[in-house]
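Sequential numbering of the sequence shown, starting at 75, is according to the numbering used here.
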Amino acid sequence: MIRPLAICILACLTVSLAAAAAAPTDTDGGAPLRGVIRQADERTWLAADDGRRLLIEGDGAICFKYANCRIEVLDPQIGADTILQFTRYRILAGDDGQVLDFPPRKILNTKNRQPYTEFQFVHVGPTLRFTLYLANRSDKPLRVRFPSSQKYDFAVMTSDQQTTLWRWSWGRNFEIGYSDLILAPGQQYTFTEKWEYQRDYVEDGEYIAFAELHCLPHGILTDVQKFVIQTKLHQLGMQPYFLPLELNNTWTYRAAGGGPLLKSQITGLATAGGREYYIISFFPDIDCLDASGEPQLGDSRFIRWDPATAEYREWTPQGERSLLGVGGTRRLLPAEKPASTPVGQFSTCLEYRALEDRTWKLRGLIVPGLGLIRTVVPREDRPPVELELVDVALGPAARRPEAAPPPAAPGDALGDFRLLYRRSGGQPPEDFLLSLRANGTLVVLERGAITRQTVVSADRLWALIQIMDRAGLFQLNERYGDGDIDNPLTIELDVVFDGRSRQVHMRTSAKDKPPQAFWTIVNEIENLLKSLP
């Protein structure tokens, strides 16, 4: 029964669940593509009936409308005991490398419709937080019916509405089946998601964002809002202690798939062009000896830290070049989870990424004070080789990182911790943002520019979390001081920890002030900032 049902549903739902009937079929991408999903070359393709083979993202058996193109998959392979599902795919390109260009979708005005919807977003650092409000403004209960488990979606497009950069639903699975949401008079539901665009390739410029409610009979598209992305304002910068340069510092690496060890050591100092460089020598084996037992000198590189450009630079006969730096085609991002290596596990780790083929590819992992714990070395006409740190010996002047706490330590509970603290408005006007993550990375932005970045120890971070929890952060109201205020100072807290989250929005007001717990938390954050070097 499941198999005939699947084919029947496909025949009935070839129009988008995201915007079905929100616009006529001929204005929303034309006729659907027909074909079969295939797995080949470790990728997922749509073998279309018209002869094209289209590279797509995600996995699954059934695919409905996605971005600006609709796909109808024939004869899906569905077991008799499985739940009927579909996957929202992103079409990347054809097998000839040509990027597909589909007609733009139409954005419809939803003013005075029921249910009432409102779309908002907040741009905090390199993150966009989207919120869709669904409310019943009538005096009677309202039933909203959905044809699948997907109730909403958020999308970001270029300002000409030709290219979709991001959708929340990309790669997510949803179950097919009716579900109802009953809203009492005056009741409101809130759907919130976020997009950290620094991990995707996004050029600086103006973009649009909107939300979709996937309800019957037609779905609802919210009004479009414009925003500007300026990635250079939110990038982490390289610091002089990230790669500790000191005589005799030694790092030993091994290829990820095994093989001989590669030792690198700071063996001396050299002067070239009036500048002093550290000599980093590379030895092909751990003993650094040749066949006759004599010391074997490997290839050497001249490296120095340049405070003017905030990067590590290398001397070459053709002139200096940047070795490790940020900006343009290179980017430094906090890692999303601790890094485990043969020399230990570290909660503070940074991803070093390079822009290649319009994709930010990982080229190394840096533990501040320790150096590169993993690096990907590209090679001509051969696959890149990944090297992993297996041994390290640093001098006493090195700023050593703190290893992650043992399994029983409280630091293990920091996995999903995130704190955003923002002050804006007021007199004189403020524009201050502090970001703190579980790996200890602390970044301060003032008027859109990074003014400070450092690393907070696991113990200090855990102490801050305990104070916030004891003060009752997760029991605070979400908004204070919504009355009319002239030139208000707005203070915002956005905290995620241990599966819980709380957003507190406060505006200075003589009538409605937050409790002392709010000020206790704010003061603790300010004290943390003052105590750091």
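We treat Cβ as the ideally placed atom computed from N, Cα and C, and that holds for glycine. Computed from a predicted model, the values in this text were never measured in an experiment.
The Cβ-Cβ distance between aspartate 274 and tryptophan 240 falls below 8 Å. If you draw a 10 Å sphere on the C-beta of glutamine 540, you find fewer than 16 other C-beta atoms in it, and that means exposed. Shown here for lysine 435: same chain residues with a beta carbon closer than 7 Å to its own, the five before and five after excluded, namely Arg427 and Ala428 in chain order. A straight line joining the alpha-carbon of valine 441 with that of tryptophan 536 spans about 20 Å.
C-alpha of leucine 567 to C-alpha of phenylalanine 491: approximately 13 Å in a straight line. In this structure, threonine 324 lies near valine 466, with their beta-carbon atoms less than 8 Å apart. Between lysine 225 and histidine 292 a beta carbon distance of about 15 Å is seen, past the 8 Å cut, so the two are scored as non-contacting. Assigned with DSSP and collapsed to three states, tyrosine 275 falls in coil, not helix or strand.
Inside the segment 289 to 323, DSSP marks whole beta strand (DSSP E) runs of 3 or more residues at positions 299 to 303, from first to last along the chain. For aspartate 543, the enclosing alpha helix (DSSP H) covers residues 532 to 545. The beta carbon of glycine 399 lies closer than 6 Å to those of Met312 and Glu385 in the same chain, with the five residues before and after it left out. Under the three-state reduction of DSSP output, tryptophan 379 falls in the strand class.
When rounded, the separation of the alpha-carbon atoms in isoleucine 354 and aspartate 278 is 37 Å.
Separation of aspartate 572 and leucine 538 (C-alpha to C-alpha, rounded to the nearest whole angstrom) is 14 Å. Rounded to whole angstroms, glutamate 267 and glutamine 194 show a C-alpha spacing of 11 Å. Your pair asparagine 322 and proline 412 does not check out as a contact, with CB atoms roughly 28 Å apart and the cut at 8 Å. The alpha-carbon separation between arginine 576 and valine 198 amounts to approximately 15 Å.
A straight line joining the alpha-carbon of leucine 508 with that of leucine 516 spans about 7 Å. According to the DSSP assignment, lysine 604 belongs to the alpha helix (DSSP H) that extends over 590 to 605.
Each of Ile599, Phe506 and Cys423 was checked against the Cα of leucine 406, and the nearest Cα belongs to Cys423. For asparagine 513, no beta strand (DSSP E) segment is defined, and its DSSP state is neither H nor E.
The DSSP-derived three-state label of phenylalanine 548 is helix.
Distance from the Cα of isoleucine 524 is smallest, within the candidate group Arg534, Asp533, Phe506 and Ser531, for Phe506. Judged by DSSP in its simplified three-state form, threonine 403 adopts coil rather than helix or strand.
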